[in-house]
Amino acid sequence: MSTERYNPREVEQRWQAVWDERRLFAADNDDPRPKYYVLEMFPYPSGRIHIGHTRNYAMGDVVARYKRARGWNVLHPMGWDAFGMPAENAAMQNKIHPKEWTYDNIATMREQLKLMGLSIDWSRELATCDPEYYAQQQKLFLDFLAAGLVDRKTAKVNWDPVDQTVLANEQVIDGKGWRSGAPVESRELTQWFLKITEYSEELLDAIGDLERWPDRVRLMQRNWIGRSEGLRIRFAFDTAPPTGDACLEVFTTRHDTLFGASFMAVSPDHPIATACAETDPELAAFIQECRTLGTSAEAIETAEKKGYDTGLTVRHPFDDRILKVYVANFVLMGYGTGAIFGCPGHDQRDFDFAKKYGLKIIPVVAPDEVLNGGDLAAWVAAYADQREAFVGDGRMINSDFLNGMSIADAKEEVAARLESRAIGNAPEGAREVNYRLRDWGISRQRYWGCPIPIIHCDDCGAVPVPETDLPVRLPDDIDFDKPGNPLDRHATWSKAACPQCGKPARRETDTMDTFVDSSWYFARFTTPHLDTPTNRDVVNAWLPVDQYIGGIEHAILHLLYSRFFTRAMRKTGHLDIDEPFAGLFTQGMVVHETYRNAAGEWIEPAAVRVEGQDSDRKAFHAETGEPLTIGALEKMSKSRRNTVGPEDITGLYGADTARWFMLSDSPPERDVEWTDAGVEGAHRHVQRVWRLISRLAETLPPPGQAKPATFGDPALELRRHVHRTIDNVTQDLERLRFNRAIAQLYELTNVLANAANASDGTDFGWALREASEALVVMFAPMMPHLAEECWRILGHETLAAETAWPDVEPDLLTVETVLLPVQVNGKKRAELTIAVDASEEDVQSAALALEPVQRFLEGRAPRRVVVVPNRIVNVVA
RNA sequence: GCGGGCGUGGCGGAAUGGUAGACGCAAGGGACUUAAAAUCCCUCGGCCGCAAGGCCAUGCGGGUUCGACUCCCGCCGCCCGCACCA
Numbered sequence: 000m001s002t003e004r005y006n007p008r009e010v011e012q013r014w015q016a017v018w019d020e021r022r023l024f025a026a027d028n029d030d031p032r033p034k035y036y037v038l039e040m041f042p043y044p045s046g047r048i049h050i051g052h053t054r055n056y057a058m059g060d061v062v063a064r065y066k067r068a069r070g071w072n073v074l075h076p077m078g079w080d081a082f083g084m085p086a087e088n089a090a091m092q093n094k095i096h097p098k099e100w101t102y103d104n105i106a107t108m109r110e111q112l113k114l115m116g117l118s119i120d121w122s123r124e125l126a127t128c129d130p131e132y133y134a135q136q137q138k139l140f141l142d143f144l145a146a147g148l149v150d151r152k153t154a155k156v157n158w159d160p161v162d163q164t165v166l167a168n169e170q171v172i173d174g175k176g177w178r179s180g181a182p183v184e185s186r187e188l189t190q191w192f193l194k195i196t197e198y199s200e201e202l203l204d205a206i207g208d209l210e211r212w213p214d215r216v217r218l219m220q221r222n223w224i225g226r227s228e229g230l231r232i233r234f235a236f237d238t239a240p241p242t243g244d245a246c247l248e249v250f251t252t253r254h255d256t257l258f259g260a261s262f263m264a265v266s267p268d269h270p271i272a273t274a275c276a277e278t279d280p281e282l283a284a285f286i287q288e289c290r291t292l293g294t295s296a297e298a299i300e301t302a303e304k305k306g307y308d309t310g311l312t313v314r315h316p317f318d319d320r321i322l323k324v325y326v327a328n329f330v331l332m333g334y335g336t337g338a339i340f341g342c343p344g345h346d347q348r349d350f351d352f353a354k355k356y357g358l359k360i361i362p363v364v365a366p367d368e369v370l371n372g373g374d375l376a377a378w379v380a381a382y383a384d385q386r387e388a389f390v391g392d393g394r395m396i397n398s399d400f401l402n403g404m405s406i407a408d409a410k411e412e413v414a415a416r417l418e419s420r421a422i423g424n425a426p427e428g429a430r431e432v433n434y435r436l437r438d439w440g441i442s443r444q445r446y447w448g449c450p451i452p453i454i455h456c457d458d459c460g461a462v463p464v465p466e467t468d469l470p471v472r473l474p475d476d477i478d479f480d481k482p483g484n485p486l487d488r489h490a491t492w493s494k495a496a497c498p499q500c501g502k503p504a505r506r507e508t509d510t511m512d513t514f515v516d517s518s519w520y521f522a523r524f525t526t527p528h529l530d531t532p533t534n535r536d537v538v539n540a541w542l543p544v545d546q547y548i549g550g551i552e553h554a555i556l557h558l559l560y561s562r563f564f565t566r567a568m569r570k571t572g573h574l575d576i577d578e579p580f581a582g583l584f585t586q587g588m589v590v591h592e593t594y595r596n597a598a599g600e601w602i603e604p605a606a607v608r609v610e611g612q613d614s615d616r617k618a619f620h621a622e623t624g625e626p627l628t629i630g631a632l633e634k635m636s637k638s639r640r641n642t643v644g645p646e647d648i649t650g651l652y653g654a655d656t657a658r659w660f661m662l663s664d665s666p667p668e669r670d671v672e673w674t675d676a677g678v679e680g681a682h683r684h685v686q687r688v689w690r691l692i693s694r695l696a697e698t699l700p701p702p703g704q705a706k707p708a709t710f711g712d713p714a715l716e717l718r719r720h721v722h723r724t725i726d727n728v729t730q731d732l733e734r735l736r737f738n739r740a741i742a743q744l745y746e747l748t749n750v751l752a753n754a755a756n757a758s759d760g761t762d763f764g765w766a767l768r769e770a771s772e773a774l775v776v777m778f779a780p781m782m783p784h785l786a787e788e789c790w791r792i793l794g795h796e797t798l799a800a801e802t803a804w805p806d807v808e809p810d811l812l813t814v815e816t817v818l819l820p821v822q823v824n825g826k827k828r829a830e831l832t833i834a835v836d837a838s839e840e841d842v843q844s845a846a847l848a849l850e851p852v853q854r855f856l857e858g859r860a861p862r863r864v865v866v867v868p869n870r871i872v873n874v875v876a
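Residues 0 to 876, numbered by numbering that gives the first Met the number 0, are exactly what the first sequence covers, in order.
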């Protein structure tokens, strides 16, 4: 008897060795079959794989294995996003070299991943901290530089005082560093920038073509790029500033409200503000005050609108009114021109500002309900006493030649008039599109990153390192005794000869933002060991990634940078595609209950005993018996101590159980709660399938028997269910609805278990084998080891992993009779079994003849009978 | 503030205008066992009823429709993203 308990530890190891030995998952660049590239966001080697990774890779592996079974040439690689600050933090804390720490972690995590039985082409493994990888990244940087896609400019940067480094805007969350959580300061530094804004328009427009991306992510990217159409207007100075400018330029999207202008305001960082402050200490103090104001949500929410009158004035372009120029704390230098015209009537900030400084509030747009039958004069008179500016739609008032126009027409009129006039030799107004997106500052004052291949020479400036000198390698002999960048302090590394003039010069000591590393790794996987960044033919053949899978936390940064990088690589001739990821899926997190003791300390699940159920559940410390409070479901994290290690699960139940469980209950985009009961349930299923198949294997006819010409009813019924399941599971896997596919497979298992006891004719034996094999091949993507073991005892010498996906016999999807629900007034009252091709009249009369229908009709004739063929009958009484 | 999403049994969730609650978990009952584990079988939204059957039910209130978890309008609650972007 082969019905001993299934031993996942032994079985999984054995089949993993077989897969490895046969190089089953190595993708060949010359394979003539159509390609399919499935990729999960590569992990940061933080120490150990956690269960969230496991879910992510399980999903990708299901797709990879399924597509392989469908005959695609599948590329499914894995690598390591290996540069970054935790390695340096570890170096400082534990006196271990970042390189050693990183490679140790990679070794550990690689072994953990291998235990999961993922169908990965390990021959393509890469680590971004490997000189083999970052050498090519340095080439890309130099190519981008030559192509004009790199900028070096002084810029106000977000400085993290704890990590002692610059942060991208995207890395500042609520005014705090995304890693350290420390309040971010503002500093002026010379930085390297990648000119992502060159592609603002293209990156925005192309979002519409990303059909297999979640709407949510597309929307987030759209908002992040933040396009707005408006008008750049030049206001002639009446009292000129010390800079000597003739005009004050502003950007606005509400030029229709130009007659409502009652002041001008510039940012505290505007050159005019800076110039005025030189001779005005009070203004200088005001500007300083503005800078210290936080950028956190609360700070912005509660910040009062404040301004400082510069004494400068401008002339209104249409009515010659003189408008005062303020420096105002709410005007941002980073957007538009850093200056605005204030229209208190129709902008809440300007409204608040005007109230505070006693400026005129002139409504110039009135809503239709006031214009049509309302008391316009009274509305205008009371306007300034309101609390809120009117920002809705309406028609123009108080606006000279614009009066009566719609907002859109007024905008058009103002733009046309200002464009046709000029101050000096420049037009007074110009239509302009502005983007919120800023250039990407990539300089980091850090050791553990890709060195920027530049040498600074006093005479020649910033000179690229010649390609023959690449890679610029990180030095190994470094110390982490002080915060800041160890490369700066290195005795010799930064000394270099200028490649142009040969004089002593200084090597760039900043390294690249690690988001650069992850912006092109998907392309590198196509030729991971080549001595150029890509091979154009190969990369063009594999890209775009057909299915990319990762967390929603990368919805903006990583995905936007990768989209930009792909375009930059296109411009520099490294590939010929635009979009890196044709399909994107953002999976949910794995969450777990949290537990705390009376002292408020977090207690890890392994040390917790839970009793009772539902609202009566109580938690105790497993050893001390101390009562614990059960907290919220939270993302597994070290700080909450609610993590479960994958090896705990694979050790106890095997990888298949873990994979099956993580995919089974929740839809993949939603969070899944890790529960012991759920895992045990999944494991019971593994054992049950094993028992079922091994019992069946003893009685089934051998594989490869000719299909019987005819089938009896029990066999036919089984076959129908099998083929319906094949059809459904196929559709579900195509759409990544793993939970539904699994529900179907549970059902098929139940059907097969019942059928196994039924009958034993030749035709039935054949149908049972067909059903068993279909079941095994269909669950193989989720439980690949169990599938191999089942496949073997079903009498096959081949591997389940190499077996083609079963074909649906379309005839078996159609049935002769159908069970129709019969409703009376929209409520189900009876059922009707009838031929699928029955005429509507026949269905109708059969339905009306049913006893319950007659009962509800109470002898009356129905008013109407709705027959939806093969779906439902509704009798309207 | 702006934008987006979600709300279904004890729980995770099915059902994308057509039988609400597939499938799983938990729970209860039974069989097997000296016993336990494992396994197998049955029950499992609420209420009324011996039963047949009926009534109520997808956050709340309206609407469209022969028919609404699903579409529309208005509330309530929760979650996410962006945030002084002119």
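Even for Gly, the Cβ is constructed at its ideal location relative to N, Cα and C. None of these values were measured; they are calculated from a predicted model.
Residues Ile454, Ser493, Ala495 of the same chain have their beta carbon placed closer than 6 Å to that of Arg506, with the five preceding and five following residues left out of the count. Just measuring C-alpha positions, the residue of Asp392, Val364, Gly372 sitting nearest Tyr382 is Val364. If you draw a straight line from the Cα of Ala654 to the Cα of Tyr56, it is about 12 Å long.
Shortest Cα-Cα distance from Pro33 to any of Met661, Arg562, Asp545 involves Asp545.
Annotation: the continuous beta strand (DSSP E) that includes Ala495 extends over 494–496.
For Ala25, the three-state secondary structure derived from DSSP is coil.
Taking Leu583 as the centre and dropping the five residues before and after it, the same chain places the C-beta of Trp212, Tyr547 closer than 6 Å to its C-beta, in chain order. Contiguous beta strand (DSSP E) elements confined to the region 329–413 occur at 338–341, taking only those with 3 or more residues.
The C-beta separation of Lys323 from Met263 comes to about 7 Å, placing the pair in contact by the 8 Å criterion.
Gly764 places its beta carbon 7 Å or farther from that of Pro713.
For Ile50, the enclosing alpha helix (DSSP H) covers residues 50–68. If one requires a minimum length of 4 residues, the alpha helix (DSSP H) runs lying completely within the region 61–149 are 84–93, 97–114, 130–145, in chain order.
Taking Gly341 as reference, the option from Gln704, Ala327, Gly333 with the minimal CA-CA separation is Ala327.
For Asn157, the pairing in a beta bridge is given by DSSP as Leu166, Ser185. Assignment of Asn433 by DSSP, reduced to helix, strand and coil, places it in the strand class. A contact between stretches requires three or more CB pairs, one per stretch, nearer than 8 Å, and the region 655–667 meets this requirement with the region 678–694. Of the residues assessed, Ala848 falls on the exposed side of the cut-off, its CB having fewer than 16 other CB atoms within 10 angstroms. For the pair His591 and Thr533, the CB atoms are not nearer than the 7 Å cut-off. The continuous alpha helix (DSSP H) containing Asp214 extends over residues 214–224. The alpha carbon of Glu622 has as its nearest neighbour, out of Glu39, Val643, Asn596, Arg640, the alpha carbon of Asn596. If you look at Phe763, you'll find it isn't in any beta strand (DSSP E); it sits in the alpha helix (DSSP H) that goes 761–778.
For Gln111, same chain residues with a beta-carbon under 7 Å away, outside a window of 5 residues either side, are Arg47, Ile48, Pro645, Glu646 in chain order.
Between Ala81 and Pro130, the gap from beta carbon to beta carbon reaches 7 Å or more. Take the alpha-carbon of Lys113 and the one of Leu744: they are about 26 Å apart. Under DSSP, Met511 takes part in a beta bridge, and its partners are Ser442. Shortest Cα-Cα distance from Leu188 to any of Gly176, Ala154, Thr164 involves Ala154. The C-beta distance from Ala779 to Arg64 rounds to 6 Å, short enough to meet the 8 Å contact threshold. With a cutoff of 7 Å on beta-carbon distance, Arg862 and Val872 are scored as not near each other.
For Asn873, the enclosing beta strand (DSSP E) starts and ends at 871–875. Contact check for Arg420 and Glu427: beta-carbon distance about 5 Å, within the 8 Å limit, so the pair qualifies.
Judged by DSSP in its simplified three-state form, Pro465 adopts coil rather than helix or strand. Only residues of its own chain outside the window of five on either side were considered, and among them Ala272, Val326, Ala327, Val330, Leu331, Met332, Gly337, Ala338 have a CB closer than 8 Å to the CB of Ser266, listed in chain order. Gly391 and Leu230 have their C-alpha atoms some 20 Å from each other.
A distance below 8 Å between beta-carbons, with the five flanking residues on each side excluded, links Asp475 to the following residues of its chain, in chain order: His96, Lys98. According to the DSSP assignment, Leu751 belongs to the alpha helix (DSSP H) that extends over 737–755. Selection Ser663, His722, Val814, Arg314 evaluated against Val807 yields His722 as nearest (Cα-Cα).
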